[in-house]
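The sequence shown lines up with residues 57 to 451 when you count with this note's numbering.
Reading through the structure tokens given below for one structure.
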Amino acid sequence: MIKMHMLDFGQTEWILVGMTTAMFLLLLFHCLFFYSLPFRQKDRQGETVKQESDKQPPVSVILYLQDNAMHMEEHLLAFVNQDYPDYEVIVMADGVGEECANALSLMEGRYGRRLRISFVPNEVRFICRKKLSLTLGIKAARHNLLFFSDLDVKPASKDWLKTMVGSYQDKTQMVIGASSYPHTQGWKNKLIGLDNLRCTLQFLSAAIRHHPFDGTGENLSYTKSLFLQNKGFYHQLHLKVGDDSLFIDEVATADNSAVCYDVKALVEREEVRSVKVWTRMRAAKMAISGLFKNKYYRLFKLETFLYLSFLLAVLASVGIGMAANYLLALYSSMLLFLYGGIKTLVFVRRARLFSQRIKWYNFAVLDFMNNLYAAYLDLFCRFIRKKDLVFVVEK
């Protein structure tokens with residue numbers, strides 16, 4: 057039986073109770089509202105569109121290749137051998153070596169009109185070589201419906217193209233796809249896998265809630281007419297990055313965009329060599345977030361602040377509670393375990409959508425590390441010279 061004096065909280069204790077309760081409710085709402093409910097509602101409404109036999113328009117697939125990507129031939133074969141009746145694959149090879157160029161030329165001869173290779177010479181000077189390559193590929197494309205990816209990823213199935221095309225409706229001009237990071241060996245891969253999953257859930261849930269602002273250029277589709285009507289990458293020529301994120305933010309609306317996260321429509325990432333490499337990629341993306349016209353992304357940055365503040369409030373409550381009132385320590389610990397359990401359940405289930413595996417018994421540690429990592433990235437982007445990652449010239 058709890059003694060009556062344990063229920064007699066002082067002012068400091070009531071403040072801690074209020075802080076932990078408020079942040080628990082905010083975090084729980086954030087978790088369910090962004091990471092759970094959008095996907096449940098979409099699946100329940102049957103909006104994960106399946107390919108219909110009478111909806112197979114001709115399409116062009118534009119692949120970007122730079123610096124002799126590993127497993128290039130294996131990945132290219134996965135794109136060329138899709139179960140789709142009428143499509144072409146255009147490889148934009150940017151500064152590749154002689155051996156890679158010869159391999160590409162041999163494959164081009166083998167597949168005829170299905171595969172076209174275009175080499176961007178090393179001597180060409182342009183603010184962003186990838187944007188130049190994509191622009192040339194788009195102009196060379198025979199068809200209006202375009203699909204984009206890189207050759208350091210590969211489609212998860214032969215139905216990738218068919219399933220992505222099936223997401224197009226009458227008014228759709230853009231489909232935002234997703235990537236999977238299936239590697240699980242080692243803490244590095246576990247951390248990168250969770251970070252990839254979290255980012256994917258964020259931009260997909262935003263698009264499902266009619267606020268598209270981001271995506272991945274490794275799995276993206278839009279029409280050639282949409283690109284030309286909006287002058288392509290004209291508004292971001294002074295930036296090294298943004299061919300995917302900034303273009304989506306600029307042209308995507310609730311009416312003209314859709315998402316596709318069917319397991320058959322995923323692309324699989326190669327294992328990232330190190331956390332440092334992943335950090336450079338993530339930091340470049342975060343550095344341009346301030347240029348988004350859609351400020352919806354700020355709701356996701358709020359999560360890290362709330363999470364770390366919640367942990368500090370729980371630690372303070374446990375410390376003070378152990379010294380003065382055990383009920384305070386018990387209450388705050390209960391909220392922490394309840395939030396952790398619900399979030400674990402949500403993320404373990406969502407990981408299955410993207411062919412990723414998260415173990416429930418180590419998720420709490422990974423989640424803590426991932427939030428610290430997100431805070432580090434935010435600080436990193438605030439204090440470094442952004443032009444090192446983003447800007448080539450000042451606008």
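We treat Cβ as the ideally placed atom computed from N, Cα and C, and that holds for glycine.
Sheet register partners of Q122 (DSSP bridge): D150
Bridge partner(s) assigned by DSSP for F303: F303 is not bridged to any residue.
Given 8 Å, three or more beta-carbon pairs between the stretch 223-230 and the stretch 135-152: Touching, no, given that fewer than three Cβ pairs across the two stretches are closer than 8 Å.
Straight-line Cα distance separating Q241 from G66: Each residue's Cα considered, the two are about 49 Å apart.
Segments assigned alpha helix (DSSP H), at least 4 residues, entirely inside the stretch 163-199: 185-196
R406 versus V307, Y382, R96, residue with shortest Cα-Cα distance: For the residues V307, Y382, R96, the minimum Cα distance to R406 belongs to R96.
Residues near L192 in its chain [Cβ-Cβ closer than 6 Å; skip 5 each side]: none
Distance between A212 and L82 (C-alpha atoms, nearest Å): 36 Å
S388 burial status per 10 Å Cβ neighbour count (16 or more: buried): Under this definition S388 is a buried residue.
K349 to R438 span [Cα, whole Å]: 19 Å
CB contact flag (Q258, F356, <8 Å): yes
Under the three-state DSSP convention, the category F414 falls into: It is Ile, not Phe, that sits at residue 414 in the sequence shown. Coil at I414, not helix or strand.
Residues bridged to A314 (per DSSP): V231
Three-state secondary structure (DSSP) of S277: The DSSP-derived three-state label of S277 is strand.
Segment contact, 8 Å Cβ cut-off, at least three pairs: the stretch 292-303 with the stretch 246-258: no
Backbone secondary structure at R325 - three-state DSSP: strand
Boundaries of the alpha helix (DSSP H) in which K341 is found, first to last residue: 331-343
Boundaries of the alpha helix (DSSP H) in which K218 is found, first to last residue: 216-221
Segment limits, beta strand (DSSP E) that includes F203: 201-206
Exposure of A197, with buried meaning 16 or more beta-carbon neighbours within 10 Å: buried
Run of the alpha helix (DSSP H) containing V73, from where it starts to where it stops: 67-91
Through-space distance from L293 to A369, alpha-carbon basis: 45 Å
Burial state of S109 (16 or more Cβ within 10 Å): Note that S109 scores a pLDDT of 41, beneath 50, so its modelled location is shaky; the value from the coordinates is reported in the next line. Exposed.
Candidates L384, D208, R170, A430: closest to E327 by CA position: D208
At least 3 beta-carbon pairs within less than 8 Å: the stretch 155-164 vs the stretch 117-133: Three or more beta-carbon pairs drawn from the stretch 155-164 and the stretch 117-133 are found closer than 8 Å, and the two stretches are therefore classed as touching.
C-beta atoms of S236 and F393 nearer than 8 Å: no
Close-in-space but distant-in-sequence residues of the same chain around Y167 (CB under 7 Å, 5 per side omitted): V136
Range of the contiguous alpha helix (DSSP H) that encloses V319: Run containing V319: none; DSSP gives neither H nor E here.
S330 burial status per 10 Å Cβ neighbour count (16 or more: buried): Exposed, because fewer than 16 other Cβ atoms sit within 10 Å of the Cβ of S330.
K111 in three-state terms, based on DSSP: Of the three classes helix, strand and coil, the one that applies to K111 here is coil, per DSSP.
Residues of its chain near T77, where Cβ-Cβ distance is below 8 Å and the 5 sequence neighbours each way are ignored: L391
Validate contact between the stretch 396-403 and the stretch 415-425 using beta carbons, cut 8 Å, 3 pairs: At 8 Å Cβ cutoff, the stretches touch.
Option in D434, V307, P114, E324 with minimal Cα separation from F203: P114
W416 classed as buried or exposed, judged by whether at least 16 other C-beta atoms fall within 10 angstroms: exposed
I194 to L188 span [Cα, whole Å]: 10 Å
Residue burial classification, S281 (beta-carbon count within 10 angstroms, cutoff 16): exposed
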